[in-house]
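Novice:
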Amino acid sequence: MVTFLMILEAIVCIALIAVVVLQSGKGGGLAGSIGGGADSVLGGGQKKGLDAALSKITMFLGGLFAVITLILVRLMH
Numbered sequence: 001m002v003t004f005l006m007i008l009e010a011i012v013c014i015a016l017i018a019v020v021v022l023q024s025g026k027g028g029g030l031a032g033s034i035g036g037g038a039d040s041v042l043g044g045g046q047k048k049g050l051d052a053a054l055s056k057i058t059m060f061l062g063g064l065f066a067v068i069t070l071i072l073v074r075l076m077h
């Protein structure tokens, strides 16, 4: 059981890394945060299409990774 969970966690970890790398950047640091205020007011800050899907997949994989990690910790003690 522990071996299966460790393999599953490794697969989820690799998938999580891949999804994060595929996401587009959020802006250019401080300049992006100052100039990005107008975009959010005018509706340009909404995620569309692939970015929205990748964001949801990232949250799901992150949660799954956390749950598997907690289960593994519990089984190891």
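Sequential numbering from 1 applies to the sequence shown in this note's numbering.
Glycine included, every Cβ here is placed at the ideal spot set by N, Cα and C.
Here's the rule I'm using: 16 or more other beta-carbon atoms within 10 Å means buried, otherwise exposed. How should L61 be labelled?
Specialist: For the purposes of this step, residue 61 is taken as residue 61 along the sequence shown, with counting starting at 1. With 16 or more Cβ atoms within 10 Å of its Cβ, L61 is classed as buried.
Novice: Round the Cβ separation of T58 and L16 to the nearest angstrom and send it over; I've been treating them as touching at under 8 Å.
Specialist: Counting from 1 along the sequence shown, the entry for residue 58 is found at position 58. Counting from 1 along the sequence shown, the entry for residue 16 is found at position 16. With 8 Å as the limit, T58 and L16 qualify as a contact, their Cβ atoms being about 7 Å apart.
Novice: For the alpha helix (DSSP H) that S55 lies in, which residues bound it at each end?
Specialist: Walking along the sequence shown from the start, residue 55 turns up at place 55. Element bounds for S55: 50 to 76.
Novice: How about L72 and V19: are their beta carbons less than 8 Å apart?
Specialist: As a first step, residue 72 is located in the sequence shown; it is residue number 72 there, counting from the start. As a first step, residue 19 is located in the sequence shown; it is residue number 19 there, counting from the start. Contact check for L72 against V19 fails: the beta carbons are separated by 8 Å or more.
Novice: Just confirm the distance between the C-beta atoms of M1 and L75, as a whole number of angstroms; I'd bet it's less than 8 Å.
Specialist: Position 1 of the sequence shown, counted from the first residue, corresponds to residue 1. Position 75 of the sequence shown, counted from the first residue, corresponds to residue 75. Confirmed, Cβ separation roughly 7 Å.
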